[in-house]
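Worksheet for the structure shown next.
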Amino acid sequence: MIAEIAVDLAAIARNADALARLVAPARLTAVVKANAYGHGLVAVARALAPHAARLCVYELDEAVVLRDAGIDAPVHVLGPIAPGDLDVAHAADVQVTLWDRDLYARQVASVARRRGRPFAVHAKIETGVVRLGLTPDEAPDALARYAATPEFALVGAFTHLAAAEEIDSGFTLQQLARFDAATRALDPRIERHAAATAAAVLWPETRLSAVRCGIGLYGIWPSSESATPMRARGLELEPALTWRTRIVALHAIDEGTSVGYGRTWHAGRRALIATLPIGYAEGLPRAAGNAAHVLVRGTRVPLVGRVCMDMAFADVTDVTDVAVGDAVTLIGTDGAARIDAEELAAACGTIGYEVVARLPAHVPRTFSETR
-3 MIAEIAVDLA
7 AIARNADALA
17 RLVAPARLTA
27 VVKANAYGHG
37 LVAVARALAP
47 HAARLCVYEL
57 DEAVVLRDAG
67 IDAPVHVLGP
77 IAPGDLDVAH
87 AADVQVTLWD
97 RDLYARQVAS
107 VARRRGRPFA
117 VHAKIETGVV
127 RLGLTPDEAP
137 DALARYAATP
147 EFALVGAFTH
157 LAAAEEIDSG
167 FTLQQLARFD
177 AATRALDPRI
187 ERHAAATAAA
197 VLWPETRLSA
207 VRCGIGLYGI
217 WPSSESATPM
227 RARGLELEPA
237 LTWRTRIVAL
247 HAIDEGTSVG
257 YGRTWHAGRR
267 ALIATLPIGY
277 AEGLPRAAGN
287 AAHVLVRGTR
297 VPLVGRVCMD
307 MAFADVTDVT
317 DVAVGDAVTL
327 IGTDGAARID
337 AEELAAACGT
347 IGYEVVARLP
357 AHVPRTFSET
367 R
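End of the sequence shown sits at 367 in the numbering used here; the numbers just go up one at a time, nothing left out.
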């Protein structure tokens, strides 16, 4: 075993239930894009389907994987679908995103007409991120057109919030006002959704009729800034992922000896260096070298030297009875010590989302359900 990832599906389900209780009566939709944020798409989707009104993915390929696995829950593809793949999307009975009034909408309608069944669609409205979406000015006309098009079954209208993880709600409320104005004429039976995890917890006015929760389902806080006020609102999240490798070699080195490419770290004393069979090809950020820590025998130890493509180094000088084969925890708990995704991310100058989303699919995952 080079590395393994263990995922607690029951913890994910409990996080979903906690979020659902908090945002009710808004409906919870579960975001499982990016291989369920690195946790494992199919297993996580199966665990979440009973707890969510809908599953959300980014790519059509993810939706097809879910259908091939026998998961028949409603699935919304948040991202663009290539026109040539719309027949596949229709056959998979997925909900697609519309963001224009012209070419793409006509292509989607054409496929639905030819196949004899409406496409379930969500209209995306751009209110402040500058990605996909109708402008607030063009949205009312486009929404009316979508609702009147027999090839469309308009399920919802949505937007994406740019700064909901910040404590200052000013821009979030500006976006919400733009969205409200753009969707004011919608039939109230059509869902409106804007909030992801942070907004859904911190700003109740953004919950509307549904929320799209992703990162919180996996027990990861959207940001360090938002964690404290989210807890103050009664939310506790359970981290669901443990990521481990093992020591494959130990090297006793003299003071002054360098370790790794570029000789960026030199021993300040006689030291014992553990070689780990995991690098940035296995998801450990290169920036973790000389910055992050791991756990060995319940002891927090530093990663030293540059992380290589497939190997990394830890200074285990202070670990009693350390041996080749010992487990090394990159994310998770070892004894009384814990390293979470947010800590690893902060050491690498990034966010917890990126750390887990970049965990490669080829790293073996095991799934359990702790009660």
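Don't be surprised by glycine CBs; every beta carbon is placed ideally from N, CA and C.
Residues near residue i in its chain [Cβ-Cβ closer than 6 Å; skip 5 each side]
i, result
"Ala194", "Ala160, Glu161, Pro218, Ser222"
"Val90", "Ala59, Val71, Val73"
"Glu365", "Leu5, Ala6"
"Ala32", "Val40"
Proximity below 7 Å, CB of residue i to CB of residue j
i, j, result
"Gly275", "Arg302", "no"
"Leu51", "Val28", "yes"
"Gly36", "Ala353", "no"
"Thr271", "Ala245", "yes"
"Thr202", "Thr155", "no"
"Arg242", "Ala319", "no"
"Ile121", "Ala135", "yes"
"Arg180", "Leu204", "no"
"Ile186", "Leu237", "no"
"Ala88", "Arg63", "yes"
Sequence-distant residues of its chain with Cβ nearer than 7 Å to residue i (five each side left out)
i, result
"Asp311", "Ala267, Ile269, Val297, Pro298, Val300"
"Glu147", "Ala105, Ala108, Arg109, Pro114, Phe115"
"Gly321", "Arg242, Ile243"
Pairwise C-alpha distance: residue j and residue i
i, j, result
"Ala116", "Ala178", "20 Å"
"Glu232", "Tyr214", "12 Å"
"Phe363", "Thr131", "43 Å"
"Val359", "Glu0", "6 Å"
"Ala228", "Gly252", "48 Å"
"Ala308", "Leu291", "14 Å"
"Ala248", "Trp261", "15 Å"
"Arg17", "Gly152", "22 Å"
"Ile67", "Val61", "9 Å"
"Arg265", "Ala78", "58 Å"
"Trp95", "Ala173", "19 Å"
"Ala263", "Phe167", "48 Å"
"Asp176", "Leu182", "10 Å"
Nonlocal neighbours in the same chain, by C-beta distance under 8 Å from residue i, ignoring five residues either side
i, result
"Ala65", "Val38, Ala41, Arg42"
"Glu55", "Lys29, Val73, Gly75"
"Thr346", "Pro281, Ala283"
"Ser165", "Leu198, Trp199"
"His86", "Val107, Ala108, Arg111, Arg113, Phe115"
"Leu44", "Ile8, Ala9, Ala12, Ala26, Val28, Leu51, Leu213"
Integer-rounded CB distance, given that residue j should sit under 8 Å from residue i
i, j, result
"Ala337", "Gly348", "4 Å"
"Leu157", "Gln170", "Leu157 to Gln170, Cβ: 10 Å. No contact."
"Pro273", "Ile(-2)", "5 Å"
"Ala49", "Ala196", "Actually they are not in contact, since the Cβ atoms of Ala49 and Ala196 sit about 13 Å apart, beyond 8 Å."
"Ala287", "Ala343", "4 Å"
"Arg293", "Thr316", "7 Å"
"Val84", "Arg361", "With 8 Å as the limit, Val84 and Arg361 do not qualify as a contact, their Cβ atoms being about 26 Å apart."
Cβ-heavy atom distance, residue i to the ligand ADP, below 6 Å
i, result
"Pro79", "The ligand ADP is not among the ligands present in this structure, which contains no ligands whatsoever."
**Message:** Please give me, in chain order, every unbroken run of the alpha helix (DSSP H) with length at least 4 that falls completely inside the segment 10 to 55.
**Reply:** Taking only runs of at least 4 residues, the alpha helix (DSSP H) segments lying wholly in the segment 10 to 55 are 29 to 33, 37 to 44.
**Message:** Restricting to runs no shorter than 3 residues, where is the beta strand (DSSP E) found entirely within the segment 295 to 329?
**Reply:** Correct list: 295 to 300, 308 to 311.
**Item:** Runs of beta strand (DSSP E) wholly within the segment 167 to 209 (minimum 3 residues, chain order)
**Value:** Within the segment 167 to 209, the complete beta strand (DSSP E) runs of at least 3 residues are 187 to 189, 206 to 209.
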